[in-house]
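**Q** Let me begin by handing over the structure; questions about it come next.
Structure below.
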């Protein structure tokens with residue numbers, strides 16, 4: 572599990588359609604919607620992500636944003 576830090580905090584408010592990559596297996600996907608939120612409903616804790624295998628639920632701590640190289 573990734574330690575929560577400033578980068579992880581930024582990943583807790585991503586809009587639908589954002590391209591993300593799993594830190595677990597390198598699989599890319601696009602955010603469909605927020606799956607779960609913190610108690611105050613201000614930050615996402617997991618997202619529904621559309622991948623080549625279908626819809627999956629990914630925890631915020633297990634995603635990164637790809638670089639724009």
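Numbering (our numbering), first residue to last: 572 to 640.
Even for Gly, the Cβ is constructed at its ideal location relative to N, Cα and C.
Note that the structure is predicted; figures quoted are calculated from it, not measured.
Given a cut-off of 8 Å on the beta-carbon distance, is the pair residue 585 and residue 601 in contact?
**A** no
**Q** Excluding the 5 residues preceding and the 5 following residue 587 in the sequence, name in chain order all residues of the same chain whose CB lies nearer than 7 Å to its CB.
**A** 602, 603 and 604, listed in sequence order.
**Q** Our contact map puts residue 634 next to residue 606 with C-beta atoms below 8 Å; I'd like the distance itself, whole angstroms only.
**A** About 12 Å; that fails the 8 Å criterion.
**Q** In whole angstroms, give me the CA-to-CA distance for residue 692 and residue 609.
**A** Lying before the first or after the last residue shown, residue 692 is absent from the chain, which here runs from 572 to 640.
**Q** Can you give me the Cβ contacts of residue 583 inside the same chain, cut-off strictly under 7 Å, excluding the 5 residues immediately before and after it?
**A** 614, 615 and 631
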